Structures are given as structure tokens and as C-alpha cells.
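The block underneath contains the structure these notes are about, expressed in C-alpha cells.
Number of protein chains: 2
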Amino acid sequence: MRETDFVSGFARGLKVIEAFGEMHQRLSITDAAKLTDLDRATVRRSLLTLAELGYADYDGKFFTLTPKVLRLGHAYLAATPLPAILQPHLDQLSEKAGQSASASVLDGTEILYIARASQRRVMSINLTPGSRLPAYCASMGRVLLAGLPEGEARTILARTELKANTPRTITDPEELIAEFRRVRAQGYAVIDQELELGLCSIAVPIENDRGHLIAAINIGAPAAHTSAAEMVTRYLPLLKETQAALRLVLR
Amino acid sequence: MRETDFVSGFARGLKVIEAFGEMHQRLSITDAAKLTDLDRATVRRSLLTLAELGYADYDGKFFTLTPKVLRLGHAYLAATPLPAILQPHLDQLSEKAGQSASASVLDGTEILYIARASQRRVMSINLTPGSRLPAYCASMGRVLLAGLPEGEARTILARTELKANTPRTITDPEELIAEFRRVRAQGYAVIDQELELGLCSIAVPIENDRGHLIAAINIGAPAAHTSAAEMVTRYLPLLKETQAALRLVLR
DNA sequence: TGACTTTTGTTCGTATATCGCACAATATCG
DNA sequence: CGATATTGTGCGATATACGAACAAAAGTCA
Chain F
-4 MRETDFVSGF ARGLKVIEAF GEMHQRLSIT DAAKLTDLDR ATVRRSLLTL
46 AELGYADYDG KFFTLTPKVL RLGHAYLAAT PLPAILQPHL DQLSEKAGQS
96 ASASVLDGTE ILYIARASQR RVMSINLTPG SRLPAYCASM GRVLLAGLPE
146 GEARTILART ELKANTPRTI TDPEELIAEF RRVRAQGYAV IDQELELGLC
196 SIAVPIENDR GHLIAAINIG APAAHTSAAE MVTRYLPLLK ETQAALRLVL
246 R
Chain L
-4 MRETDFVSGF ARGLKVIEAF GEMHQRLSIT DAAKLTDLDR ATVRRSLLTL
46 AELGYADYDG KFFTLTPKVL RLGHAYLAAT PLPAILQPHL DQLSEKAGQS
96 ASASVLDGTE ILYIARASQR RVMSINLTPG SRLPAYCASM GRVLLAGLPE
146 GEARTILART ELKANTPRTI TDPEELIAEF RRVRAQGYAV IDQELELGLC
196 SIAVPIENDR GHLIAAINIG APAAHTSAAE MVTRYLPLLK ETQAALRLVL
246 R
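Same order as they appear, the protein sequences are chains F and L. Here our numbering is used: position 83 in the first sequence is 78, and no number is missing along the way. Here our numbering is used: position 171 in the second sequence is 166, and no number is missing along the way.
This is how it looks when you write it as C-alpha cells:
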């Protein structure tokens, strides 16, 4: 690609949109400039453009995103067949297990939920398609990272802020790499309250008919209800069953 | 706003992202140019920019969006407090009713799901936050349109493609306006299989403590399970209860 | 309160990058 | 293989980004 085939104004604008997130529903021009590391004048133009197009509101001081930006993200969910294919399988799985079932893909250092069948809400976090969690401490993340060449997994870990969400969280890169090997060998990953106290989950990889890893699915359950050890005996067969069914329909 | 405060390269790029959707998971440069009505060279630069940034994949012929674009849309869901505030109320509502409960806002001619507590999947369509439905034939859409000044509602209807999804769908603008008046008077809207055969739903408006309409919530149920008439007696009290609870916590 | 400092928003001229056109190259198909 | 459609490229005209300077608030402290 040539230098001139890159629209930097567009790239800058996308960076500005991403500056809104988690902790930043309202951004002043200066806030956004700091977060994006762009010039204030440039950020201002991007924000005014967003406002003009209806993607943002402006009260003269702060900018806020409008629901219209969901059109952008949703273009993916609507356009890609994967979530739609997975959904009914997750529904079935969730029903049989009596617990929430989800599917995710890897995006950088995070896993990204692309479909979910939720039973009762047990986590403090509200997960929906589009939600993200750090890969290193999530069961689906372990499975997805384990499916990568070890060098790539290391690179991703190096870029991750490995923080201990609970006392049980593994934060040592070497320990994680060892865990990935175990996951690869046994074909599933179990997380015992590493993300949130009281929450266990088990995940298996989803491959297409050519054996290429494309996603992961999991079942999450309250630790009070199912111990980490029980997760395997109780839910692994169901996950394997879904995994096998999906391998046949995914190209 | 001055002419020069608008970054057209950014606006064009966003238009290109939106070209992906529903029926368009894979777009060639020419496809995208036709859909966006932009010059091929321009679209090509935008697409290559998206690919360079990891928002799209390019196989030399077709572009596809990657999950990364969900970051953009999700910036809204993560940044705005409304979905997070609504979610637990919808969970409760859904549990009490034993049916799916959702919340949406109006975006142009469509309603946009911002939160959802789903029970079993009864619709052929898979709805998640970010999903859209035409406003004129959805219960929440009726409520949201009924909350607008009649002139605005007419304008939106004029921009809508009023198609009969089922034999029961109301497609006559005047009939719809009359229905909006009824909805406004009675404080709720019922849809009897206008969107999809076999599906009924009932919606109420959600106002903040200043009485300003900001969203709508609904309950959907299979027509086989609950007739349209039963929807009111069975679910309206629950919806009213949630509506009252939300009025107290929304500013 | 009022003068001073700091932060934030806006404007402007200019160097530079992007747009869109026309043409060239390549792929697709009968 | 020729016809048609699609994609890639060079170039002049135009629009945008940059950085600094200015204006306007907001904060600070005596």
C-alpha cells in the first residue's frame, strides 16, 4: 500500500470515537486531544464532524456519543454470519446447562463477545455482544491464546496489563504460557474465579471444517453452584457436543 | 459551524463503514463506491485505511469488516449510562414476566435496541443491543413515535418504507397516526403480529424525572402463548411498575 | 474581591495531503 | 481471444492539518 492510500483524517476520527469508552461518556475537546494524542484543532474538527453527522451531541462544552454510533459497530454483527450461526447453538447449550453460554473471538489483547445466551445475571459485569474482557484471565481468552503460536501469545501477553482481579488471578507470563500448553493438550480451559470472585467458567475452541480456530465458546456458573472441578464433569460434555455440531456447519 | 470545521474524509469513511450491513458482508471497491455514491478512488483509500488499522480484512478483491469495528459502536454502550441503568430492571421484568424484555431508543426511522434481557428465543430475528427494527411496526417504535409532535412523526413515516411484514401490518400513514394518538392516550402500545407472525409485544414509554421521553421498554411473547388482549392484562402492570421505578432513577 | 496564572477553545496562514478525474492495467466472462 | 467490467495510478485543483498566536474562561491566592 502506498503512503497516499491512507486517509489520515479518517484514521484520526476513528481514534477520537474510540476515546469515548468505559470511563469517558463526556469529553471536552482538550480531554479528547489528550486521550488521542492529537492536536486540539484536529480533534475539534473531528468532533464537530461527528456532531454534524449526528454521531455525537455537543452542548458547547462537552461532546457525547449518540446511539447512532452503534450503526458502525453493528455493521459487523449484521454483516458477519458467524454470530447468527452460533446463536441457536448457544441457546440450546445454555438451556441444557441451565447457565449462560457465550461465544467470543480474539481482538488484540481482549476477547470480544459476539453472541451470548444468558440465563440469570450472575456477574457484576453486564456482558452483551460487543463486550470485552482481558484475554489472559477469561476462559475463552485462554483457549484463543492457546491456539496461537507461542511467540504470538507471548507478544500479546507483553502488551497486556496483567493485573490481579482477584487473589486467584494468574499474572505471571510464564505461568500463563504453561497454562496455555495445558489448555492446548486437554482441549479446554477452566477459570476458577480469576476474573471475578464467585465466578467459574469453562471454554472450548471452535474450529471450522478445515480445523482453523475461529472462536471460543464457554459456560459460566457461580462458584457457589458449581466448583471448578465440577465444571468439567458437568459442562465439558455439553461443550464438546456443541463444538462438534459447529465444526460441521462452519466453513 | 464553519465550512472548514468539517472533515469530509472522516465523514466519507464512516459512510463506507455503514455500507457494510445486513446484506453486505463482503464488498469490492466498486460495490462500496456504488452503495456510498462516492468516487472509487476515495472509497478505495477509505477501505485501505480501514484495513491498515485492522478494522477490515482485504483479500485483494473483497473487504470484510473485522470484529474490531465493534469497538466503535461499543464505545457508546460502554460510555452511556442508560443501558447499564436499564439492564437490571429489564432482568427483573423479564424474570417476573417469563418473557423477553427490551429497551430501545429512536434513531431516525428505526428503533435501536440498547439493552435486552432475553428468555428463550422466539423470534426468527436475533436481537441484541445495537439491533434495529423499523419503528412503525414495533411496539416500542409506536410508543416512541407517539411521543413526538405529530409533524415530526409524519416526517419520519414519510421517510420510512412502510412494507407489510405480515398480513396484519399497518402500512397506511393516516392509520398509523391515528394509532399513535391512541397509544398516547392509553400510555402503551400493543403489536399483534405486525412484525412477524406469531409474535405479540407490548411497550410503554420511559421518561426521566422531568417527564422527558428518553426510551421505551417492551415485553414480547409468542402469540400462541399469549393473545394480544392478554398481553395487556398480564404484562402491562409489570411494565408500569418498571416504568415507575425507572422514573425515579433517571435524570 | 481582584489581579495573576493556567487551562481551554478558536482562528489563521501556510505547507502538505487528499479528492476526483482521466487514463492505464488487470481481471472476468462469454 | 475480444469485450466488458473492475481495479490501480499520476496529476492538477482543492481541502485539510499543523502550530502558533490570540481570545476566553476557569482556577488560584493574597
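For each residue, glycine too, the CB sits at the ideal point set by N, CA and C. Predicted model, so just to flag it, every value in this text is computed and none were measured.
Where residue i falls: helix, strand or coil (DSSP)
| i | result |
| --- | --- |
| Thr104 of chain F | coil |
| Pro144 of chain F | coil |
| Ala247 of chain L | Residue 247 of chain L lies beyond the stretch modelled for chain L, which goes from -4 to 246, so this question has no answer here. |
| Asp54 of chain L | coil |
| His84 of chain F | helix |
| Thr59 of chain F | strand |
| Leu245 of chain L | coil |
| Ala133 of chain L | coil |
| Ser126 of chain L | coil |
| Ser89 of chain L | helix |
| Ser95 of chain L | strand |
Partners in chain F for residue i, counting only beta-carbon separations shorter than 9 Å
| i | result |
| --- | --- |
| Ser222 of chain L | Here the premise fails: no neighbours, minimum Cβ distance about 25 Å. |
| Arg40 of chain L | Thr(-1), Asp0, Phe1, Val2, Phe5 |
| Leu327 of chain L | Residue 327 of chain L is absent from the model: chain L starts at -4 and stops at 246. |
Within 8 Å, strictly: CB atoms of residue i and residue j
| i | j | result |
| --- | --- | --- |
| Val178 of chain F | Ala141 of chain F | yes |
| Gly68 of chain L | Leu65 of chain F | yes |
| Thr59 of chain F | Ala70 of chain F | no |
| Ala216 of chain F | Met226 of chain F | yes |
| Asn213 of chain F | Ile197 of chain F | yes |
| Ala130 of chain F | Leu101 of chain F | yes |
| Gln188 of chain F | Thr161 of chain F | yes |
| Arg35 of chain L | Thr25 of chain L | yes |
| Phe57 of chain F | Arg21 of chain F | yes |
| Arg111 of chain F | Leu88 of chain F | no |
| Ala98 of chain F | Ala28 of chain F | no |
Chain F contact residues for residue i, given Cβ-Cβ distances below 7 Å
| i | result |
| --- | --- |
| Asn121 of chain L | Ala79, Gln82 |
Any non-hydrogen atom of the ligand FMN closer than 7 Å to residue i Cβ
| i | result |
| --- | --- |
| Ala153 of chain L | What this structure holds is no ligand at all, so the ligand FMN is not there to describe. |
CA-to-CA distance, residue j to residue i, given in whole angstroms
| i | j | result |
| --- | --- | --- |
| Ala223 of chain F | Cys132 of chain F | 15 Å |
| Ala78 of chain F | Ser23 of chain F | Looking at the sequence shown, residue 78 of chain F is not Ala but Pro. Roughly 36 Å separates the two Cα atoms. |
| Thr150 of chain F | Val138 of chain F | 16 Å |
| Thr75 of chain L | Ala184 of chain L | 26 Å |
| Gly4 of chain F | Lys10 of chain F | 10 Å |
| Pro124 of chain F | Arg176 of chain F | 28 Å |
| Tyr53 of chain L | Ala173 of chain F | 34 Å |
| Ser134 of chain L | Gly182 of chain L | 12 Å |
| Arg246 of chain F | Asp32 of chain F | 41 Å |
| Leu234 of chain L | Ala73 of chain F | 29 Å |
| Leu152 of chain F | Thr164 of chain F | 14 Å |
| Leu237 of chain L | Ser113 of chain L | Here residue 237 of chain L turns out to be Thr, not Leu, going by the sequence shown. Taking the straight line joining both Cα atoms gives about 16 Å. |
| Ala92 of chain F | Thr61 of chain L | 30 Å |
| Leu30 of chain F | Gly16 of chain F | 11 Å |
| Thr104 of chain F | Gly146 of chain L | 49 Å |
| Ile106 of chain L | Leu208 of chain L | 14 Å |
| Arg127 of chain L | Leu194 of chain L | 17 Å |
| Ala96 of chain F | Tyr230 of chain L | 28 Å |
| Leu43 of chain F | His220 of chain F | 51 Å |
| Ala14 of chain L | Gly206 of chain L | 37 Å |
Residue i: contacting residues in chain L (beta-carbon distance under 7 Å)
| i | result |
| --- | --- |
| Thr44 of chain F | Phe1, Val2, Phe5, Ala6 |
| Phe58 of chain F | Result: empty, since nearest Cβ-Cβ is about 11 Å, beyond 7 Å. |
| Ala327 of chain F | This structure cannot settle anything about residue 327 of chain F, because the visible part of chain F is limited to -4 through 246. |
| Ile109 of chain F | Pro62 |
| Val100 of chain F | Pro62 |
| Asp140 of chain F | For clarity, residue 140 of chain F is Leu in the given sequence; the question names Asp instead. None at all; the shortest Cβ gap to chain L is about 16 Å. |
Chain-ordered neighbours of residue i on chain L, where CB pairs are closer than 8 Å
| i | result |
| --- | --- |
| Pro124 of chain F | Leu65, Thr123, Pro124, Gly125 |
| His19 of chain F | Ala74 |
Proximal chain F residues relative to residue i, where beta-carbon distance stays under 8 Å
| i | result |
| --- | --- |
| Gly55 of chain L | Within chain F, no residue comes near Gly55 of chain L; the closest Cβ sits about 12 Å away, beyond 8 Å. |
| Leu241 of chain L | Near Leu241 of chain L there are no residues of chain F at all, since even the closest Cβ is about 16 Å away, more than 8 Å. |
Uninterrupted alpha helix (DSSP H) stretches inside the segment 166 to 226 of chain F (no shorter than 4 residues): Runs of the alpha helix (DSSP H) inside the segment 166 to 226 of chain F: 168 to 181.
Taking only runs that begin and end inside the segment 11 to 56 of chain L, name each unbroken alpha helix (DSSP H) of 4 or more residues, in chain order. 24 to 31, 35 to 48
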